[in-house]
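Visitor: I'd like to ask some things about the structure below.
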Amino acid sequence: MSVPFRQTLAVLSHVWKNRIAGNNRYPLVLMLEPLLKCNLACAGCGKIQHPAEILRRQLTVDQCLQAAEQCGAPVVSIPGGEPLLHTQIGQIVAGLVAMKRFVYLCTNAIKLTESLEKFAPSAYLAFSVHLDGPRQLHDQAVCREGVYDQAISAIRAARQAGFRVTTNTTVFSHTTVADLAELFDVLMDLGVEGMMISPGFAYEKAPDQTHFLGERQATNVFDQLFSHPHARRWKFNQSPLFLQFLRGRWSMDCTPWGSPTYNVFGWQRPCYLISEGYADSFGDLMASTNWANYGHASGNAKCVQCMTHCGFEPTAVAHTLTTTRGFAATLRAILFRSSLPAIVTDTRSIGQRWSPVIEDEPTRASSTAPKLVSIDDIHHHHAA
Ligand code: SF4
Ligand code: SF4
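Going by my numbering, the sequence shown opens with residue 70, and the numbers climb by one from there.
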């Protein structure tokens, strides 16, 4: 496990403050998109398909800091677009770090080396470099040759300059376990602090709709990956229970309000991955979104195949920090590095104990019975 200890403490304190205050819906991660423009045009991207006028817009420094203030999440992930194209990205990050938010600046790293002077190394700042596989696969995924080599050289430069570096990898249907293993070995050798991995989400706007993994394929690939002989040396910047979920060994539903998204349109409803309108304020987003319509149990077709960390990592964290069973399973995964049994037992009690029982939403309350995933039955962008 390589989530920094002080970040874990900040998240723990945030979770319990909210619970003690009786607040059942609280975000853990703000997805802050300061602009949607990018210097790449990946086929699986659902973010850059907007008209040029929209792609030219960028949030102001004040808008970004106010969003972080309103939302209160201890972690701020800055995807895009390519955040390094924002003319005031240095001020945005400095402001968030001054607020003691744990900032993950997600980047394709093309401009990272030349941009390092805009930032100061901090325990609160990590660059999260987007890498979808070894050289050939990554360059193919981002539809441009040479990007893998630029990213690797930027990781070296950032590490040498004393910055924390993490990575994020989206797994598509053509990605093999051998590809991922090769990439992860290289990243560990480079001194990357932790890696994030998530199945690709089939964005409606993405031009390439054919390479997204279904849930069954995903759990199969992840289970093989985490059983790889080199898996013990790989460090992931994700909660152990989320990794168990990816391999079909922990059952849970999405927390759709866990990672709210703020961008040039406002607060995106309901989540980072799907857009069904925007709210003017964080308070309005939380109060006026019909959360019962989202997550696996809702039956919403857009959610059915989703296993991405922006929706499920907040649930995994809540299971770990607020349920005995989730805590025990996490300890077991950390201390013994062992996986949970292939078929998890019924975790309904965990869902019900943790999940807010929402009086006005009976469907969701009963739907907290998590979907059981059997291994026998047998998942960007930067931060999907
Ligand atoms: S399941 Fe996925 S797409 Fe649906 S609300 Fe959750 S994070 Fe969003
Ligand atoms: S996936 Fe990321 S790097 Fe690729 S075009 Fe979209 S925003 Fe840019």
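All C-beta atoms, glycine included, are put in the ideal place defined by N, C-alpha and C.
The alpha helix (DSSP H) spanning Ala348 covers which residue range?
Guide: Segment 344-348 is the beta strand (DSSP E) holding Ala348; no alpha helix (DSSP H) there.
Visitor: Identify the residues that DSSP records as bridge partners of Ala387: which are they?
Guide: Ala387 is not bridged to any residue.
Visitor: Out of curiosity, what's the CA-to-CA distance linking Val145 and Cys133?
Guide: The alpha-carbon separation between Val145 and Cys133 amounts to approximately 10 Å.
Visitor: What does Asn454 pair with, by DSSP beta-bridge criteria?
Guide: Residue coverage of the chain in this structure runs from 70 to 453, which leaves residue 454 outside it and unanswerable.
Visitor: Thinking C-beta only, is Phe305 closer than 8 Å to Met265?
Guide: yes
Visitor: Let me check understanding here. Comparing Cα to Cα, which of Ala137, Leu194, Arg94, Gly150 lies closest to Arg75?
Guide: Leu194
Visitor: According to DSSP, is Ser424 part of a helix, a strand, or is it coil?
Guide: Since pLDDT at Ser424 reaches only 37, below the 50 mark, its modelled position is unreliable, and no value is offered.
Visitor: If contact is defined by three or more beta carbon pairs under 8 Å, each pair taking one atom from either stretch, is the segment 157-165 in contact with the segment 366-377?
Guide: Short answer: they don't touch.
Visitor: For ligand 1, is there any heavy atom lying closer than 7 Å to the beta carbon of Thr377?
Guide: Ligand 1 approaches Thr377 closely enough that one of its heavy atoms is under 7 Å from the residue's Cβ.
Visitor: In angstroms with no decimal places, state the Cα-to-Cα distance between Tyr173 and His297.
Guide: 28 Å
Visitor: Would you report the Cα separation of Trp360 and Thr77, rounded to the nearest angstrom?
Guide: Per the coordinates, the alpha-carbon of Trp360 lies some 27 Å from the alpha-carbon of Thr77.
Visitor: Should Gly150 be counted as a contact of ligand 1 given a C-beta to heavy atom distance under 7 Å?
Guide: No; taking the cut-off as 7 Å, the Cβ of Gly150 has no heavy atom of ligand 1 nearer than that.
Visitor: Does the distance between the C-beta of Lys371 and the nearest non-hydrogen atom of ligand 1 fall short of 7 Å?
Guide: yes
Visitor: Per DSSP, which one or two residues make a beta bridge with Gln337?
Guide: Thr330, Tyr347
Visitor: Are the Cβ atoms of Thr156 and Gly202 separated by less than 8 Å?
Guide: Against a cut-off of 8 Å, the Cβ pair of Gly202 and Thr156 comes out as no contact.
Visitor: How about Ile343: is its Cβ closer than 7 Å to a heavy atom in ligand 1?
Guide: yes
Visitor: When DSSP labels each residue in this structure, what does Pro309 get in the three-state scheme?
Guide: Pro309: helix per DSSP, three-state reduction.
Visitor: With DSSP run on the structure shown, which of helix, strand or coil describes Met168?
Guide: coil
Visitor: Identify which residue in Arg302, Met168, Leu310 has its Cα closest to the Cα of His250.
Guide: The question names His, yet the displayed sequence has Ala at residue 250. Ala250 has its Cα closest to that of Arg302, out of Arg302, Met168, Leu310.
Visitor: Tell me where the beta strand (DSSP E) around Val144 begins and ends.
Guide: 144-147
Visitor: Just the C-alpha distance for Val80 and Leu390, rounded to the nearest angstrom, thanks.
Guide: 9 Å
Visitor: Taking 7 Å as the cut-off, is the beta-carbon of Val211 closer than that to any non-hydrogen atom of ligand 2?
Guide: yes
Visitor: From the DSSP output, in three-state form, read off Gln127 for me.
Guide: strand
Visitor: So Ile266 is in the beta strand (DSSP E); what residue range does that whole segment cover?
Guide: Looking at the DSSP string, the run of the beta strand (DSSP E) that includes Ile266 is 263-268.
Visitor: Would you say Lys116 and Gly141 are within 8 Å of each other, going by their C-beta atoms?
Guide: Lys116 is not a Cβ neighbour of Gly141, given a cutoff of 8 Å.
Visitor: Spell out the partners DSSP gives Phe196 in its beta bridges.
Guide: Leu174, Val234
Visitor: Using a 10 Å radius around the Cβ and a threshold of 16 neighbouring Cβ atoms, would you call Pro325 buried or exposed?
Guide: Flag for Pro325 reads buried.
Visitor: What whole-angstrom Cβ distance do Leu310 and Ala385 have, given they're in contact under 8 Å?
Guide: 4 Å
Visitor: For ligand 1, any of its heavy atoms closer than 7 Å to the Cβ of Tyr347?
Guide: no
Visitor: Which value, in whole angstroms, describes the spacing of the CA atoms of Pro268 and Arg316?
Guide: Pro268 and Arg316 have their C-alpha atoms spaced approximately 11 Å apart.
Visitor: Just to confirm my understanding: we take Val261, look at its own chain, exclude 5 residues before and 5 after, and list those with CB closer than 6 Å. What are they?
Guide: Val234, Thr236
Visitor: Is it buried or exposed for Pro190, if we count other Cβ within 10 angstroms and need 16 for buried?
Guide: Exposed is the call here.
Visitor: Which residues does DSSP list as the beta-bridge partners of Thr239?
Guide: In the DSSP output, where bridge partners are listed per residue, Thr239 has Ser267.
Visitor: Hey, Gln118 and Ile179: beta-carbon distance below 8 Å or not?
Guide: no
Visitor: Residue range of the alpha helix (DSSP H) that Val211 falls in?
Guide: First-last for Val211: undefined, no H or E at that position.
Visitor: Please name the residue or residues paired with Val98 in a DSSP beta bridge.
Guide: Val144
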